[in-house]
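Per numbering that gives the first Met the number 0, the sequence shown starts with residue 0, numbered consecutively.
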Amino acid sequence: MADKRFFVIDFDSTFTKVEALDILSDILYEGTDKKVEVGEKIKDLTDQAMAGELSFREALEQRLALLDATKKDVEQLSGELKLLVSESVKRNRSFFTKETDNVLIVSSGFKDFITPVVKDFGIKEENIYANTFTYNDKDQVTGFDASNPLSEHKGKVKLMKELALEGDVFVIGDGYTDYEIREAGLAKTFFAFTENIKREKVLAKADVEANSFEEILHSIKHPMATSFPKSKIKVLLLENVHQDAKLKLEQEGYQVELLGGALDEDELCEKIKGVHILGIRSKTMLTRKVVEAADRLMLVGAFCIGTNQIDLKACTDHGVSVFNAPFSNTRSVVEMAIGEIILLMRQIPKRMRQMDRKEWSKSANGSFEIRGKKLGIIGYGNIGSQLSILAEMLGMDVYYYDVVEKLALGNATKLSSLDELLATCDVVSLHVDGRASNKNYFTAEHINKMKKGAILVNLARGPVVELDALQIALENGHLSGAAIDVFPVEPKNNNDTFDAPLSNIDNLILTPHIGGSTLEAQENIADFVPGKMIEYVNTGSSFNSVNFPNVQLPRLENGHRLLHIHKNKSGILAQMNNVFAKHGCNILGQYLKTNEEIGYVITDIDQSYQPELLEDMKAIEDTIKFRILY
């Protein structure tokens, strides 16, 4: 059939990230002096063959002569290659399943190790064309089947002539032998696949350079293609976000840049141009000016709990979804709070400073166990409630106050007023969020209402506590100690100096905003936030978004998905459906959710769309952003 499409795909450095014989060499000579020597020779021969500088058969014979392999070694090679499949191949597993009748593996490698790898992706064994090893009675590799056309010079061309595929043929590979199929007129398009290696001589012959399978699907307008290839999506990560986040986003195919510190407003306005995804922590101020300077921004990931550093209204106004990590560092913050409470109750910071001054003060005076003491938690959210559980396990009596009705965990007691908590508790720990109304939430008035000799812990937000009043209360002995991890003004990075707003207090713990800074917490955040980012880009799912209506969606396998973000005005859904009706589109499914400010509509249709439909959707009044997901 004239409209049938075939995908002829190379194996080495295309389906997998590596050249298989290079890996076989490493397996055979691991731990020996020959590993580097033989490995370099094989790589050089491979490069010459792939660039068309050496006939393939000659290169193959010379490489096999260097390898003293057995059938067991080849089986081990297959196992290792399964772990080295190209990232964009893994991401597009459903494509290979759907196109199982039309995908051919045509390789100058060997079926012996190729078949176990590609069959896992639903590729039919009869569609795998490659060389085969010959073995002796001891299962040692003795050579290859010389009658196979793929062992010959221009063997791929000879094979393709024999196959005589009727339809459009797309050749995808990294080598000169792949280009030769196109040169012989046996393929419509040659895609030079550069995800793993870029060979300039091959690239010069290519119809299209593709550094991912998404780019290929997009180029041929395949039904499973995304509207915008993932390899074109630019990600900017600031404030030394964990490397695992960078790796996860790169494995998804995105271009990722990671910077060590925060940027000021003007720097970020310039840097954010062309960026589709922004990842920040607590020090980057994402203002309206920055959001308006962003010409491509789709979403923001806050690699922390709070989002008060982000102008959420500006993001919403511009159709930018924001995700955070509300649970990922909870345990780390709670453990630090427990540790600081114990240290302050025992007056350990004071004792350490006395030792620094060469003073010896072995005394139980003012030193207490935490068992039986009253802990007051202000803000009974994710952190406050988990602190409640751990503190109770250590024998503390727990009380809490929250402006929102929260169910008590364990034996905790909910108090009806903040004043009652302050008058009752030996330790007060703050866990309120960073909303503007919480600035100077805890003032001199509140500090003075605390029990004499009590302890204050703030691991919440810098602007929450009036620090001048705290300094006075510590100096005059009204409070016996305090731990402060967050400050109204903090340095952008570790190279900046910091002038502590509290000083000359013995029983005081000051830490540089490290409540959530454990390796475990950062790894959890680096897994959770990129996962939400990828899900939003791939499916349109806004579940857990801070500022968008929460919609959770499966991926659509057979159809197209369109995303429309608009101001929450009546009649827009009707206008959208009129556009679909005008263009004869059958709607497979439609998902709508609104909040006070915006409407979020996902529409799945079962057929190709014309450019006019897209223009009509964008032209609907009060549209904020329209995007084709795939």
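Note that the Cβ used here is the ideal one computed from N, Cα and C, for glycine as well.
Helix, strand or coil at residue i [DSSP, three-state]
i, result
"threonine 225", "coil"
"phenylalanine 367", "coil"
"serine 77", "helix"
"lysine 204", "coil"
"phenylalanine 579", "helix"
"alanine 481", "strand"
"phenylalanine 326", "coil"
"arginine 626", "strand"
"arginine 635", "Because the chain spans 0 through 629 in this model, residue 635 falls outside it and cannot be assessed."
"isoleucine 340", "helix"
"valine 426", "strand"
"threonine 133", "strand"
"isoleucine 180", "helix"
"leucine 501", "coil"
"serine 82", "For clarity, residue 82 is leucine in the given sequence; the question names serine instead. Looking at leucine 82 - three-state DSSP - the assignment turns out to be coil, as it is neither helix nor strand."
"leucine 285", "strand"
"isoleucine 26", "helix"
"glycine 461", "helix"
Span of the beta strand (DSSP E) around residue i
i, result
"glutamate 522", "Glutamate 522 -> not in any beta strand (DSSP E); alpha helix (DSSP H) instead, spanning 518-538."
"asparagine 130", "127-130"
"serine 107", "102-109"
"asparagine 457", "453-457"
"glutamine 353", "Where glutamine 353 is concerned, there is no enclosing beta strand (DSSP E), although the alpha helix (DSSP H) it sits in stretches over 347-355."
"lysine 373", "373-377"
"threonine 69", "No beta strand (DSSP E) holds threonine 69; DSSP gives it neither H nor E."
"threonine 442", "First-last for threonine 442: undefined, no H or E at that position."
"leucine 406", "Run containing leucine 406: none; DSSP gives neither H nor E here."
Residues that residue i bridges to, as DSSP identifies them
i, result
"serine 569", "DSSP, once it has assigned bridges, lists no residue as partnering serine 569."
"arginine 92", "Per DSSP, none; premise fails for arginine 92."
"threonine 602", "Leu561, Gln589"
"glycine 278", "Leu236, Gly300"
"threonine 188", "Phe169"
"tyrosine 399", "Ile376, Lys413"
"alanine 209", "Phe192"
"valine 255", "Val234"
"serine 544", "Phe322"
"isoleucine 309", "Leu285"
Classification of residue i by the beta-carbon crowding that lies within 10 angstroms, buried from 16 upward
i, result
"proline 610", "exposed"
"threonine 99", "exposed"
"serine 415", "exposed"
"alanine 64", "exposed"
"alanine 228", "Alanine is not the amino acid found at residue 228; the sequence shown has proline there. By the neighbour-count rule (16 or more Cβ atoms within 10 Å), proline 228 is buried."
"isoleucine 513", "exposed"
"glutamate 179", "buried"
"alanine 1", "Residue placement at alanine 1 is poorly supported in this model, since its pLDDT is 46, which falls under 50; the coordinates still yield a value, given next. So alanine 1 counts as exposed."
"phenylalanine 109", "buried"
"glutamate 251", "buried"
"glutamate 18", "buried"
"lysine 568", "exposed"
"leucine 628", "buried"
"valine 73", "buried"
"isoleucine 271", "buried"
"phenylalanine 497", "exposed"
"arginine 633", "Because the chain here runs from 0 to 629, residue 633 falls outside it and cannot be looked at."
Start-to-end residues for the alpha helix (DSSP H) that takes in residue i
i, result
"glutamine 47", "33-49"
"alanine 390", "381-392"
"aspartate 467", "466-474"
"serine 218", "212-218"
"tyrosine 608", "No alpha helix (DSSP H) holds tyrosine 608; DSSP gives it neither H nor E."
"leucine 158", "154-162"
"lysine 270", "264-270"
"isoleucine 508", "It is not in any alpha helix (DSSP H) - isoleucine 508 instead sits in the beta strand (DSSP E) that spans 507-509."
"threonine 141", "It is not in any alpha helix (DSSP H) - threonine 141 instead sits in the beta strand (DSSP E) that spans 140-143."
"lysine 16", "Premise fails: lysine 16 is in no alpha helix (DSSP H) and is neither H nor E."
"glutamate 596", "Segment: none, glutamate 596 is in no alpha helix (DSSP H) and carries neither H nor E."
> Looking at C-beta atoms only, is the number of pairs between the stretch 294-304 and the stretch 548-562 that lie closer than 8 Å three or more?
Replying inline: no
>> For the structure I just gave you, are there three or more beta carbon pairs, one from the stretch 309-317 and one from the stretch 519-526, closer than 8 Å?
In response: no
> Hey, is the stretch 452-462 in contact with the stretch 421-439, meaning 3+ C-beta pairs nearer than 8 Å?
Replying inline: Yes: the two stretches touch, three or more of their Cβ pairs being nearer than 8 Å.
> Is the stretch 205-213 in contact with the stretch 37-49, if contact means three or more CB pairs nearer than 8 Å?
Replying inline: no
>> Under 8 Å, with one C-beta from each stretch per pair, do the stretch 611-624 and the stretch 573-592 reach the 3-pair mark?
In response: yes
> Three or more beta-carbon pairs under 8 Å between the stretch 183-191 and the stretch 165-174, yes or no?
Replying inline: They touch, by the three-pair rule.
>> Using 8 Å as the cut-off, can you tell me whether the stretch 432-451 makes contact with the stretch 399-416, which would need three or more C-beta pairs spanning the two stretches below that distance?
In response: no
>> Measuring CB atoms only, is the stretch 322-337 touching the stretch 345-362, in the sense that at least three cross pairs come out at less than 8 Å?
In response: no
>> For the structure I just gave you, are there three or more beta carbon pairs, one from the stretch 471-484 and one from the stretch 444-451, closer than 8 Å?
In response: yes
> Would you say the stretch 86-97 touches the stretch 131-145, given that touching needs at least three Cβ pairs under 8 Å?
Replying inline: no
> Does the stretch 232-242 come close enough to the stretch 199-207 to have 3 or more Cβ pairs within less than 8 Å?
Replying inline: no
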